[in-house]
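Colleague: Order-wise, the sequence lines are chains F and Z. Convert by adding 11 to the 1-based position in the first sequence; the result is the number in this note's numbering. Convert by adding 3 to the 1-based position in the second sequence; the result is the number in this note's numbering. Using N, Cα and C, we set each Cβ at its ideal position, and we do this for glycine too. I'd like to ask some things about the structure below.
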Amino acid sequence: MNSGLRIIVLIKQVPDIGKVKFNVEEGRIDRSSASLETNPFDLNALETAIQFKEHIGGYVTVVSMGPPQAESSLRDALARGADRAILLTDKFFAGADTLATSYTLATAIRKIGFFDLIICGEKTVDGDTGQVGPEVAEHLNIPHVAYVCEIRSATLDRLLVVSDMGDKYLIEVKLPALITVTKDINTPRLPTLRNVLKAKKANIEVWSADDLADYGELCRFGLQGSMTTVFKIVFPSEEGRRGLIFHGEDAVEKLVEVLRERGFIA
Amino acid sequence: MNQPVKNGVMVYAEQEEGIVHPVSFELLGKGRELADRLNIELWSVLLGYRVRDKAETLIHYGADRVFLYDDQMLEEFDVVKYKHVLVELVREVAPQLFLIGATPLGRSLAPRIAAALNTGLTADCIDIQIDDRGEIVQIRPAFTGNIIAHIKTRSRPIMATVRYRVMKPLPRDNSRRGKIVERSPPKLPDTGLKFLGEVSTRSVNLAEADIIVSGGRGLKKKEDLNMLKELASLLGGVVGVSRPLVDDGWISKDHQVGFSGNTVKPKLYIACGVSGSPQHMAGMRDSEVIVAINIDRSAPIFRIADYGIVGDLYEVVPKLIEALKRLKENE
Ligand SMILES: Cc1cc2nc3c(=O)[nH]c(=O)nc-3n(C[C@H](O)[C@H](O)[C@H](O)COP(=O)(O)OP(=O)(O)OC[C@H]3O[C@@H](n4cnc5c(N)ncnc54)[C@H](O)[C@@H]3O)c2cc1C
Ligand SMILES: Cc1cc2nc3c(=O)[nH]c(=O)nc-3n(C[C@H](O)[C@H](O)[C@H](O)COP(=O)(O)OP(=O)(O)OC[C@H]3O[C@@H](n4cnc5c(N)ncnc54)[C@H](O)[C@@H]3O)c2cc1C
């Protein structure tokens, strides 16, 4: 391991949101309907890590919890410049809410041992909670800064970042720490063909619940460790939307008329 | 002793520089309704420095009891310090339900508290109900707004962040009486976080806007945004955009509507040359009235529109501007 920042990037594999199908009758998400990809915000997290590595040196470990096929996201991360990849996969991890997910990830990080910085995406495009990052920080008892949209400077013991909370704030944070990044922080690079080929052969470590047993409580993983349950899924209703389309020469007049009726024009 | 006797619904009162975020009053409105149905008290907790007078305001908006931590140590929002204080309070008074605004600040703070308490947290709710069994149901969009999930929590407190502008505040009642419980924060360690001030203030707050005129890739060049600005100003509104226009540097991110930008809920949203991607709709689908102007009848935006014009925005928008100007002149 070379000198520099020891960085852990957390990445989640998600369905391609543009393609995923939802079964309206059964209120079910048909996960097999869409191809899988790395959560877009996590590519920004990874790019942030790679840039640290280039600028001040470092070693980047990517960690993902998910089913075995999440391996492909980890391979992609290696092709983009990560040094080590760990997949947490086990039926005991399944059915996790953010509390159990973050606990499991934090436990794996304890097993990894040393780190200076953990980087997460702002949120995912599926579960969409944005909770896993701050929860991991809490489990590990380190500070976090959410919605980081710019890194102003970095040394081996502190970062100066801009956090986008609507208004933007400059925050200095002592390492070890966790940050979650927005899409605005950078434009993720594409992997080179050479690196894709190299990553194909790279080793991906696979850890099960047993592998984490010395570092955390098994009962806090997966379904057992989850406190929230999604018990029903419905679809946003467009009922009540009028869907009135105006045609022809006087379409604009008609629109102005309804806007007036509804009180938008004095 | 000021110890509450039975447990309650707790609402986190978010404040910045002494100004209470309006989502806090909305949560008190919802919290009041839930507390009454559960027959328990409504509590609120306020942290900050020189914010004492705001505690009274929270009572006027429905709180029975306000836990007030007014201390210089809490002048700035340090997520770890705030977490320490709130976790200690929740452990002591044990609310059944703890509601926090789903603002950037709330969404950074709430998960830390939930993890420390080992309790469930539901994100960005748009409704909270009590079902036939008397259980609390939290309702939230997920999958980039494509679905709405109904969620129950088996641990206590049940925690939820709640989206701004979905709950209704009660009318302020200055004669309402309640109790202010003053507390001192525990000794807080150095958290490793240092606040070095604001870098930039947003140029516009779309979340607060009542009328938004939005442009998408149907616009051919940056200057054409002026047309939408004119329309917006005639209506007393502001300009929004889809993400590609921000990516191309036409306008600041403050104007972006959608999954990676602002979530908005104006009274009127006029989308011009916006196709209606899931990511865009995730940020505006709850607008009260949606108008779509698009050249393509099959654009998804029409599916959520109340009114639409199928046509070239370069013809429709100038005509609309003309018509509004004429109305103004005739006044
Ligand atoms: C419809 C629906 C609604 C849900 N609502 C809730 C809810 O309100 N509360 C709740 O607690 N759970 C909820 N869940 C469960 C939640 O989606 C899962 O726990 C999920 O594993 C993590 O949450 P997320 O996708 O929201 O991640 P986020 O918290 O949005 O992710 C933020 C970042 O954390 C990292 N990360 C997240 N997951 C992983 C992972 N598996 N491996 C590595 N890194 C990761 C990534 O860097 C990611 O960018 C819901 C699930 C569904 C299907
Ligand atoms: C992780 C992620 C996050 C994202 N976040 C956001 C977000 O926050 N907000 C967002 O908007 N997007 C977001 N996107 C991008 C999103 O997927 C779409 O690419 C984007 O919303 C499309 O913008 P648009 O509707 O302006 O462009 P297009 O989809 O290209 O649509 C242009 C529309 O203009 C119409 N048009 C063309 N010419 C005319 C004319 N002369 N008159 C009238 N109509 C005309 C066309 O018919 C078309 O419907 C995100 C994507 C990802 C992957």
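Threshold first: 3 residues or longer. Then list the beta strand (DSSP E) segments lying entirely within the segment 150-205 of chain F, N to C.
Modeller: As far as the segment 150-205 of chain F is concerned, its whole beta strand (DSSP E) runs of at least 3 residues are 155-165, 169-176, 178-185, 188-192.
Colleague: Does at least one heavy atom of ligand 2 sit under 6 Å from the Cβ of E219 (chain Z)?
Modeller: According to the sequence shown, residue 219 (chain Z) is Gly rather than Glu. Because some heavy atom of ligand 2 lies under 6 Å away, the Cβ of G219 (chain Z) counts as near it: yes.
Colleague: Pairs of beta-carbons, one from the segment 151-161 of chain F and one from the segment 94-107 of chain F, closer than 8 Å: are there three or more?
Modeller: Touching, no.
Colleague: Would M12 (chain F) pass as an interface residue toward chain Z - the criterion being a Cβ-Cβ separation below 7 Å?
Modeller: Note that M12 (chain F) has pLDDT 48, beneath the 50 cutoff, so the model's placement of it is unreliable and the number below is only indicative. So, not an interface residue.
Colleague: Going along the chain, which unbroken runs of the alpha helix (DSSP H) with 4 or more residues stay wholly within the segment 39-94 of chain Z?
Modeller: The segment 39-94 of chain Z contains these whole alpha helix (DSSP H) runs: 55-63.
Colleague: Between R253 (chain F) and chain Z, is there a C-beta pair that is closer than 7 Å?
Modeller: Output row for R253 (chain F): interface = yes.
Colleague: Check whether the Cβ of G11 (chain Z) sits closer than 6 Å to any heavy atom of ligand 1, and report yes or no.
Modeller: Checking the Cβ of G11 (chain Z) against ligand 1 gives no.
Colleague: How do the segment 177-196 of chain F and the segment 46-57 of chain F stand: do at least 3 beta-carbon pairs fall below 8 Å, yes or no?
Modeller: Verdict: yes, contact present.
Colleague: With DSSP run on the structure shown, which of helix, strand or coil describes M238 (chain F)?
Modeller: M238 (chain F): coil per DSSP, three-state reduction.
Colleague: Suppose you measure from the CA of K64 (chain F) to the CA of G92 (chain F); what does that come to, to the nearest Å?
Modeller: Their backbone Cα atoms lie some 9 Å apart in a straight line.
Colleague: Can you give me the Cβ contacts of A235 (chain Z) inside the same chain, cut-off strictly under 8 Å, excluding the 5 residues immediately before and after it?
Modeller: Closer than 8 Å at the Cβ level, and outside the excluded window around A235 (chain Z), lie I214, I215, V216, V241, V242.
Colleague: What residues of chain Z sit near D94 (chain F), judged by a beta carbon separation below 7 Å?
Modeller: Those do not exist, as D94 (chain F) stays about 26 Å from chain Z at its closest Cβ, beyond 7 Å.
Colleague: From which residue to which residue does the alpha helix (DSSP H) around H283 (chain Z) run?
Modeller: It spans 281-284 - the alpha helix (DSSP H) in which H283 (chain Z) sits, taken as one unbroken run.
Colleague: Just list the beta strand (DSSP E) runs in the segment 59-88 of chain F, keeping only unbroken ones of 3 residues or longer that don't cross its boundaries, in chain order.
Modeller: Complete beta strand (DSSP E) runs here, min 3: 69-76.
Colleague: List the residues that DSSP assigns as beta-bridge partners of R39 (chain F).
Modeller: Beta-bridge pairing links R39 (chain F) to F:N34.
Colleague: Quick one: list the residues of chain Z neighbouring M238 (chain F), beta-carbon separation under 7 Å, in chain order.
Modeller: In chain order: T122, G123, T156, R157, S158.
Colleague: Would you say the beta carbon of Q235 (chain F) is closer than 6 Å to some non-hydrogen atom of ligand 2?
Modeller: No - ligand 2 has no heavy atom lying nearer than 6 Å to the Cβ of Q235 (chain F).
Colleague: So, is the C-beta of T147 (chain Z) closer than 7 Å to a C-beta in chain F?
Modeller: With 7 Å as the cut-off, T147 (chain Z) counts as an interface residue toward chain F.
Colleague: Quick one: is the Cβ of R166 (chain Z) within less than 6 Å of any heavy atom of ligand 2?
Modeller: Not so, every heavy atom of ligand 2 lies at least 6 Å from the Cβ.
Colleague: How about R246 (chain Z): is its Cβ closer than 6 Å to a heavy atom in ligand 2?
Modeller: Correct: R246 (chain Z) has its Cβ closer than 6 Å to ligand 2.
Colleague: At a CB distance below 9 Å, what residues from the segment 60-83 of chain F approach chain Z? Give them in sequence order.
Modeller: If the cut-off is 9 Å between Cβ atoms, the segment 60-83 of chain F has nothing near chain Z.
Colleague: Is the segment 143-153 of chain Z in contact with the segment 133-140 of chain F, if contact means three or more CB pairs nearer than 8 Å?
Modeller: These segments touch.
Colleague: Give me, in chain order, the residues of the same chain whose beta-carbon lies closer than 7 Å to that of V8 (chain Z); leave out the 5 immediate sequence neighbours on both sides.
Modeller: Because V8 (chain Z) carries a pLDDT of 49, less than 50, the predicted location of this residue cannot be relied on, and no value is offered for it.
Colleague: Within 7 Å of any Cβ in chain C, is that where the Cβ of G141 (chain F) sits?
Modeller: Among the chains of the structure shown, chain C does not appear; the protein chains present are F and Z.
Colleague: Does ligand 1 have even one heavy atom less than 6 Å from the beta-carbon of M170 (chain Z)?
Modeller: Result no, Cβ not under 6 Å from ligand 1.
Colleague: Using a Cβ-based criterion (distance less than 6 Å to any ligand heavy atom), does H283 (chain Z) qualify as near ligand 3?
Modeller: No copy of ligand 3 occurs in the structure displayed; its ligands are ligand 1 and ligand 2 alone.
Colleague: So G69 (chain F) and G15 (chain F) are in contact, right, with Cβ under 8 Å, and what is the actual spacing, rounded?
Modeller: At roughly 4 Å, the Cβ-Cβ gap stays under 8 Å, so G69 (chain F) and G15 (chain F) are in contact.
Colleague: Can you check which of these residues, Z:A16, Z:P281, Z:I22, Z:S111, is closest to L31 (chain Z) by C-alpha distance?
Modeller: Here the closest residue by C-alpha is Z:A16.
Colleague: Quick check on the DSSP output: the beta strand (DSSP E) that includes M162 (chain Z) runs from which residue to which?
Modeller: 161-165 is the extent of the beta strand (DSSP E) around M162 (chain Z).
Colleague: Cβ of F275 (chain F) less than 7 Å from any chain Z Cβ?
Modeller: Chain Z contact via Cβ: present.
Colleague: So what does DSSP say about E334 (chain Z), is it helix, strand or coil?
Modeller: Of the three classes helix, strand and coil, the one that applies to E334 (chain Z) here is coil, per DSSP.
Colleague: In chain order, what residues of the same chain lie with their CB nearer than 8 Å to the CB of T198 (chain F), ignoring the 5 residues before and after it?
Modeller: Taken in chain order, the residues that qualify are E58.
Colleague: Can you give me the start and stop residues for the beta strand (DSSP E) that L99 (chain F) sits inside?
Modeller: Start and end: 95-99.
Colleague: Would DSSP call P7 (chain Z) helix, strand or coil?
Modeller: Its pLDDT being 45, under 50, P7 (chain Z) is placed unreliably by the model, and nothing is read from it.
Colleague: Rounded to whole angstroms, what is the Cα-Cα separation between E82 (chain F) and I244 (chain F)?
Modeller: One C-alpha to the other measures close to 28 Å.
Colleague: Do K291 (chain Z) and K270 (chain Z) have their C-beta atoms within less than 7 Å of each other?
Modeller: Note that residue 291 (chain Z) is Glu in the sequence shown here, rather than Lys. Their beta carbons are under 7 Å apart, which means E291 (chain Z) touches K270 (chain Z) by this criterion.
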